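To start, the structure itself, in C-alpha cells.
Numbering (the numbering used here), first residue to last: 18 to 120.
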C-alpha cells in the first residue's frame with residue numbers, strides 16, 4: 018500500500034485530483050491510500066506516509082514544508098504545474114511513484 022497526501026491552500030483543488038490518481042492506480046493494479054488536506058494541516062497528516070505532494074499554488078511553502086516533513090522523515094515535492102492544471106491523475110501518480118521508488 019502506497020500512502021500519499023496532497024496539500025493545497027484549502028484542500029479543494031487537490032481533492033479533485035485524488036479520485037483521478039486512485040483510478041490510475043486501480044488501472045495499474047497498485048493499492049493506494051491518497052487523501053487531500055489544506056497545507057496548514059500538514060503536520061497532522063504525516064503518520065506512516067510514503068510521500069507528501071504540494072499543489073503548485075502553494076509551492077512557495079516548500080522550504081518550510083520540507084522542514085515539517087523532514088521531522089517525520091517524509092519526502093515532499095511540488096506537483097508539476099501542467100499535470101496539476103490538467104488534473105492528470107495518471108501523470109501525477111507516476112510522478113509520485115518515481116519519487117518513492119515504486120515504478
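Don't be surprised by glycine CBs; every beta carbon is placed ideally from N, CA and C.
Note that the structure is predicted; figures quoted are calculated from it, not measured.
Residue of the options minimising C-alpha distance to residue i
i: residue 26; options: 79, 107, 18 and 118; result: 79
i: residue 144; options: 73, 82, 61 and 110; result: Any answer about residue 144 is impossible in this case: the structure gives the chain only from 18 up to 120.
i: residue 30; options: 43, 100 and 45; result: 100
i: residue 98; options: 76, 24, 32 and 56; result: 76
i: residue 50; options: 69, 56, 116 and 83; result: 69
i: residue 60; options: 40, 41, 74 and 93; result: 93
Supposed close pair residue i, residue j - CB separation, criterion 8 Å
i: residue 64; j: residue 19; result: Contact doesn't hold; Cβ gap of about 15 Å is too wide.
i: residue 96; j: residue 114; result: About 13 Å separates the two Cβ atoms, so there is no contact after all.
CB contact check: residue i to chain B, cutoff 7 Å
i: residue 94; result: Among the chains in the structure shown there is no chain B, since it carries only a single protein chain.
Cβ neighbour criterion (16 or more within 10 Å) applied to residue i
i: residue 105; result: buried
i: residue 34; result: buried
Reduced DSSP category for residue i - H, G, I as helix; E, B as strand; rest coil
i: residue 61; result: helix
Contact test: residue i Cβ vs the ligand SAM heavy atom, cutoff 6 Å
i: residue 81; result: With respect to the ligand SAM, the structure offers nothing, as it holds no ligand at all.
Original post:
Which runs of the alpha helix (DSSP H) spanning at least 4 residues fall entirely within the segment 73-118, listed in chain order?
Top reply: 79-88, 98-102 and 106-117
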